[in-house]
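Asker: The sequence shown: position 41 = 41 (UniProt numbering), numbered continuously. Glycine included, every Cβ here is placed at the ideal spot set by N, Cα and C. Questions regarding the structure given below will be posed in turn.
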Amino acid sequence: MNYLATRKSVDKLFENLRHRNFIPHFAVSKEDALAKVISVIPPGSEIATASSVTLKQIGFLDLLNSKKHDWKNFRDNIFTEVDHLKRDELRRESILADYNIQSLQAITENGQLLIASGMGNQLSAIAYASRNIVFVAGLQKVVPTLDSAFERLNEFVLPLENERMKRAGFKEGATLGKYLVFEREIRPRQVHVILVGEVLGF
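Here it is, written out as structure tokens:
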């Protein structure tokens with residue numbers, strides 16, 4: 001665990017997140033993180049997710065696949081649709097979900113969030129379209145500044161994601177097409193940031 005695993009530093013980060021109209025939560029473990037995600041999404045909500053090692057590690061993707069939930073999951077149709085044009089249309093619809101559940105690449109000590117994407121569909125949801133957002137991230141993703149956030153993205157995250165994509169059968173590997181720096185929320189919606197006291201994702 002890095003230097004942020006102190007009560008004082010976490011409290012200061014949470015203060016900065018609240019100042020940006022984000023709602024911070026602390027989870028002590030993967031299991032606790034999953035419980036917190038479930039607790040903030042009301043039954044019957046439309047939900048959408050992106051591909052995420054973190055969401056897989058906490059068991060959220062397994063929960064979705066098990067169908068043991070009360071949400072309408074856009075992934076169910078997106079990943080079973082064989083027509084690529086229809087699949088793209090479903091992706092566009094998914095950005096309007098009640099809750100979009102994501103991870104991210106870095107969080108600055110001041111509370112800025114850095115999110116990277118290949119195609120950018122989840123960035124549309126985060127920036128504006130989805131009614132609410134839920135981020136889950138291990139504390140190792142917290143960095144001092146925005147410059148160090150981009151350094152983390154390019155020098156650490158991207159090479160690992162490139163390897164993961166190649167193992168998944170994508171010969172070209174990962175593509176960094178677009179990124180978003182989320183400074184603050186000014187819309188009347190909830191942006192939850194669940195920080196986990198374990199190393200999760202890249």
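(1) Just how far apart, CA to CA, sit Asn73 and Glu46?
(2) Take Tyr3 and list the residues in its own chain whose beta-carbon comes closer than 8 Å to its own, dropping the five residues that flank it on each side.
(3) Using the C-alpha atoms, what's the distance from Val181 back to Gln105?
(4) Should Met1 be labelled buried (16 or more other beta-carbon atoms within 10 Å of its own) or exposed?
(5) Could you tell me whether the Cβ atoms of Val193 and Phe135 are closer together than 7 Å?
(6) Between Glu151 and chain B, is the shortest Cβ-Cβ distance under 7 Å, so that the two count as touching?
(7) Using DSSP with H/G/I as helix, E/B as strand and the rest coil, what is Asn2?
(8) For Ser45, does the three-state DSSP call read helix, strand or coil?
(9) With Gln102 as the anchor, note down where its alpha helix (DSSP H) starts and where it stops.
(10) Quick check on the burial criterion: 16 or more other C-beta atoms within 10 angstroms. Buried or exposed for Phe22?
(11) What's the gap between the Cα of Val28 and the Cα of Gln190?
(12) Where does Tyr99 land, buried or exposed, given buried means 16+ other C-beta within 10 angstroms?
(13) Using three-state DSSP, classify Thr54 as helix, strand or coil.
(14) Look at Ser52 and Ser103 and say whether their C-beta atoms are less than 7 Å apart.
(15) Give me, in chain order, the residues of the same chain whose beta-carbon lies closer than 6 Å to that of Asn110; leave out the 5 immediate sequence neighbours on both sides.
(16) Looking only at DSSP bridge pairs, what is Leu180 linked to?
Answerer: Short version:
(1) Stepping through the sequence shown from its first residue, residue 73 is reached at position 73. Stepping through the sequence shown from its first residue, residue 46 is reached at position 46. Approximately 6 Å, taken between the alpha carbons.
(2) In the sequence shown, residue 3 corresponds to position 3, counting from 1. Low per-residue confidence applies at Tyr3: pLDDT is 43, beneath 50, and the placement is therefore not dependable enough to give any value.
(3) Taking the first residue of the sequence shown as position 1, residue 105 is located at position 105. Taking the first residue of the sequence shown as position 1, residue 181 is located at position 181. Those two C-alpha atoms are separated by around 10 Å.
(4) Here residue 1 refers to the residue found at position 1 of the sequence shown. Here Met1 scores only 42 on pLDDT, less than 50, and its place in the model should not be relied on; the value that follows carries that caveat. Exposed, by the Cβ-count rule.
(5) Position 193 of the sequence shown holds residue 193. Position 135 of the sequence shown holds residue 135. Cβ atoms of Val193 and Phe135: closer than 7 Å.
(6) Absence of chain B from the displayed structure is noted, only one protein chain being present.
(7) Position 2 of the sequence shown, counted from the first residue, corresponds to residue 2. Any reading at Asn2 must be qualified, since the residue scores a pLDDT of 49, below 50, and its modelled position is unreliable; the value itself is stated next. Three-state DSSP puts Asn2 in coil, outside helix and strand.
(8) Along the sequence shown, one-based indexing puts residue 45 at 45. In this structure, Ser45 counts as coil in the three-state DSSP scheme.
(9) Counting from one through the sequence shown, the residue named residue 102 turns up at place 102. No alpha helix (DSSP H) holds Gln102; the beta strand (DSSP E) holding it covers 99-102.
(10) Numbered from 1 along the sequence shown, position 22 holds the residue referred to as residue 22. Buried, because 16 or more other Cβ atoms sit within 10 Å of the Cβ of Phe22.
(11) Counting from one through the sequence shown, the residue named residue 28 turns up at place 28. Counting from one through the sequence shown, the residue named residue 190 turns up at place 190. Distance between the alpha carbons of Val28 and Gln190 is about 22 Å.
(12) Here residue 99 refers to the residue found at position 99 of the sequence shown. With 16 or more Cβ atoms within 10 Å of its Cβ, Tyr99 is classed as buried.
(13) The count along the sequence shown starts at 1 and reaches residue 54 at position 54. Here Thr54 sits in helix by DSSP.
(14) Start at 1 with the first residue of the sequence shown, and residue 52 comes out as number 52. Start at 1 with the first residue of the sequence shown, and residue 103 comes out as number 103. It is a contact, given that the beta carbons lie within the stated cut-off.
(15) Indexing the sequence shown from 1 puts residue 110 at position 110. Here the set comprises Asn16.
(16) The residue given as residue 180 occupies position 180 in the sequence shown. The partner list for Leu180 (beta bridge, DSSP) reads Ile115.
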